[in-house]
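The numbering used here numbers the first residue of the sequence shown as 2 and each following residue consecutively. Here is the structure we will look at.
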Amino acid sequence: MTLTLEEKRARVRDLLTHNKATAGAVGEAGRALAEIPEEYYRFELWPAYKSLLSQRDTMARIRVANPYFRCHTDVSRDTLRIDDRDYLNFSGYNYVGLSGDAEVATAAKEAIDRYGTSVSASRIVSGEIPLHAELEGAIAQFHGTEDAVAFVSGYGTNVSTLGYLFGPKDLLLHDSLTHNSGVTGCKLSGARRISFPHNDLDALEALLAENRGRHERACIVTEGVFSMDGDIPDLPRLIDLKKRYKALLMVDEAHSAGTLGGRGRGIAEHFGVPGGEIDILMGTLSKSFASCGGYIAGSAALTMNLRYFAPGGVLYSVGLSPANSAAALAAVRKLAAQPGRVERLRANSALFLRLAKEAALDTGPSHDSPIVPVVIGNSIHCLKVAERLFARGINVQPMLYPAVPEEASRLRFFITALHRPEQLEYTAREVRQALALARADGAS
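The structure is reproduced here in structure tokens:
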């Protein structure tokens, strides 16, 4: 619509009149601004920052070095070099030893030589390279699904997928120990979100019976191996529940792909069910697959939906880099061809779990996985044990509140196929001694 000169002048007069009428309200708003506390706009006053400073003060008081952001100068294997010293490494998830593998590294270097260091566009525009489809095909074959789609971030895979697929009329039921990325994706979706007690499928069924009929789509969200406890859900029963209640099932296989099952194909192989029984199979490329990124495997309809419409997945995001694509592809193929890596990983995991139990260490519910926690239940003791172990040449990360509840403070051990039995035996002995010393110090 085109306004005449007189109409434009009339609108200006109306605007000026409105501004005069609201001048008092503006003054009140100005006074309200003066009352806004500083902690709302000064980062150094934010509660999280102040909590971090308090934690650092505690470390200084008990004379423990900050265990976070330690810089290493070589490949994360069974050992790790920090400050010119080699440590036994239990803080990295290079589960089957493919990060640093010569063939995987060569594939990444050749991809850079051919395609550059970035695909320089979103895949839907002009960032697609042959490696993307090859990788997705290899992942789908690995898991026994129709198709797969790769994302640039493992965390972003959960956020983007859940945020896109579900909405306000839907129901998302997630395990109480679901990774933060899954919970964030649930929140982003706007769906009704209900957390069920960890691995309590009776409670889950009760929630489904009570709530399923009130919503359109429904999805159960869980993990193949839980990253803090190292335990596994009952997949066959989850499949039964999702079928009976006409729901979808999403399983985050970040820590189970490459580690569970005779060939490392994940939780479906572990329980002897087809991979296609999991509607939304999520995985990461940063653990068993020696790269960086994430993926969703499932039906062709699911992956096409995500390719074209999921914000931050393939849409509105640069494509997976040539080096990361090639490294992951080489790792998937090599793991498929060398199941002995999985056998060694499983043997090492079982050995360390047995040694820890024999040393009277609290390993929580961990079983059949390469994640073995040693629950200490006291943050200060946990820090002191980690410090003593570091001095004895063992690098293991303390997990403290808010990552876990205070009473569940722990050391988390990532076991790999590269560890040797004598390394695991030494570590179990040292943990027992360090914990006894920390508790004796606390009692004195």
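Where a beta carbon is used, it is the ideal one built from N, C-alpha and C, also for glycine. Note that the structure is a prediction, hence the values are computed from the model and not measured.
Give the range of the beta strand (DSSP E) segment to which residue i is assigned.
i: Glu-224; result: 219-224
i: Gly-284; result: 281-285
i: Ile-83; result: 80-83
i: Leu-412; result: 411-415
Along the alpha helix (DSSP H) that carries residue i, what are the first and last residues, could you check?
i: Ser-197; result: A small fix is needed here, since residue 197 is Phe in this sequence, not Ser. From DSSP, Phe-197 is part of no alpha helix (DSSP H) but of the beta strand (DSSP E) over 193-197.
i: Ala-108; result: 103-116
i: Met-60; result: 48-62
i: Ala-96; result: Correcting the residue identity first, residue 96 is Tyr in this sequence and not Ala. Looking at the DSSP string, Tyr-96 is not in any alpha helix (DSSP H), and its letter there is neither H nor E.
i: Val-386; result: 380-392
i: Leu-446; result: The question about residue 446 has no answer here: the residues shown for the chain are numbered 2 through 445.
i: His-256; result: Counting along the chain, His-256 falls outside any alpha helix (DSSP H), and DSSP gives it neither H nor E.
i: Gln-142; result: 131-144
i: Pro-366; result: Here Pro-366 belongs to no alpha helix (DSSP H), and DSSP marks it neither H nor E.
i: Arg-347; result: 341-359
i: Lys-170; result: Taken as a continuous stretch (DSSP letters only), Lys-170 belongs to no alpha helix (DSSP H), as it is neither H nor E.
i: Arg-334; result: 323-338
Helix, strand or coil: how does DSSP classify residue i here?
i: Phe-152; result: strand
i: Ser-123; result: strand
i: Glu-7; result: helix
i: Ser-445; result: Low per-residue confidence applies at Ser-445: pLDDT is 43, beneath 50, and the placement is therefore not dependable, though the value from the model is reported in the following sentence. In this structure, Ser-445 counts as coil in the three-state DSSP scheme.
i: Val-376; result: strand
i: Asn-67; result: coil
i: Ala-248; result: coil
i: Pro-275; result: coil
i: Leu-178; result: coil
i: Gly-265; result: coil
i: Arg-43; result: coil
i: Ile-395; result: strand
i: Ile-233; result: coil
i: Asp-203; result: helix
i: Gly-295; result: strand
i: Tyr-317; result: coil
i: Arg-421; result: coil
i: Tyr-427; result: helix
i: Leu-436; result: helix
i: Leu-89; result: strand
Just to confirm, are residue i and residue j a CB contact at a threshold of 8 Å?
i: Gly-295; j: Gly-267; result: no
i: Leu-99; j: Ala-327; result: no
i: His-256; j: Ser-228; result: yes
i: Ala-338; j: Asp-148; result: no
i: Val-431; j: Ala-66; result: According to the sequence as given, residue 431 is Glu; it is not Val. Taking 8 Å as the Cβ cut-off, Glu-431 and Ala-66 do not qualify as a contacting pair.
i: Glu-40; j: Trp-47; result: yes
i: Thr-146; j: Gly-265; result: no
i: His-216; j: Asp-280; result: no
i: Ser-380; j: Leu-412; result: no
i: Arg-421; j: Val-97; result: no
i: Gly-263; j: Ser-367; result: no
i: Gly-155; j: Thr-59; result: no
i: Arg-78; j: Asn-90; result: yes
i: Asn-212; j: Ile-233; result: no
Can you round the beta-carbon distance between residue i and residue j to whole angstroms, since I take them to be within the 8 Å contact cut?
i: Ala-331; j: Ile-113; result: Not quite, the Cβ-Cβ distance comes to about 13 Å (not below 8 Å), so this is no contact.
i: Met-283; j: Thr-428; result: About 31 Å separates the two Cβ atoms, so there is no contact after all.
i: Phe-197; j: Ser-177; result: 7 Å
i: Ala-269; j: Leu-236; result: 7 Å
i: Val-386; j: Ala-351; result: Going by Cβ atoms, the distance from Val-386 to Ala-351 rounds to 23 Å, so no, they are not a contact pair.
i: Glu-426; j: Leu-356; result: 6 Å
i: Leu-202; j: Leu-239; result: 7 Å
i: Gly-276; j: His-144; result: 4 Å
i: Val-150; j: Arg-334; result: Actually they do not touch by this definition, with Cβ atoms about 18 Å apart.
i: Val-120; j: Val-319; result: 6 Å
i: Leu-336; j: Ser-289; result: 6 Å
If you measure from the CB of residue i, is any heavy atom of the ligand MG nearer than 7 Å?
i: Leu-34; result: Absence of the ligand MG from the depicted structure is noted, as is the absence of any ligand whatsoever, leaving it without description.
Check your understanding: Are at least three pairs of beta-carbons, each pair with one atom in the segment 383-398 and one in the segment 341-351, less than 8 Å apart?
Key -> no
Review point. Is the segment 209-226 touching the segment 240-253, taking contact as three or more C-beta pairs under 8 Å?
Key: yes
**Study point:** Stretch-stretch touch, CB-based, cutoff 8 Å, three pairs: the segment 369-379 with the segment 403-417
**Key:** yes
Exercise for review: Tell me, please, whether the segment 183-193 touches the segment 133-151 by the rule of three or more beta-carbon pairs shorter than 8 Å.
Suggested key: no
**Study point:** Three CB pairs or more closer than 8 Å across the segment 395-412 and the segment 73-90
**Key:** yes
Review point. Should the segment 112-128 be called in touch with the segment 295-315, which here means at least 3 C-beta pairs below 8 Å?
Key: The segment 112-128 vs the segment 295-315: in contact.
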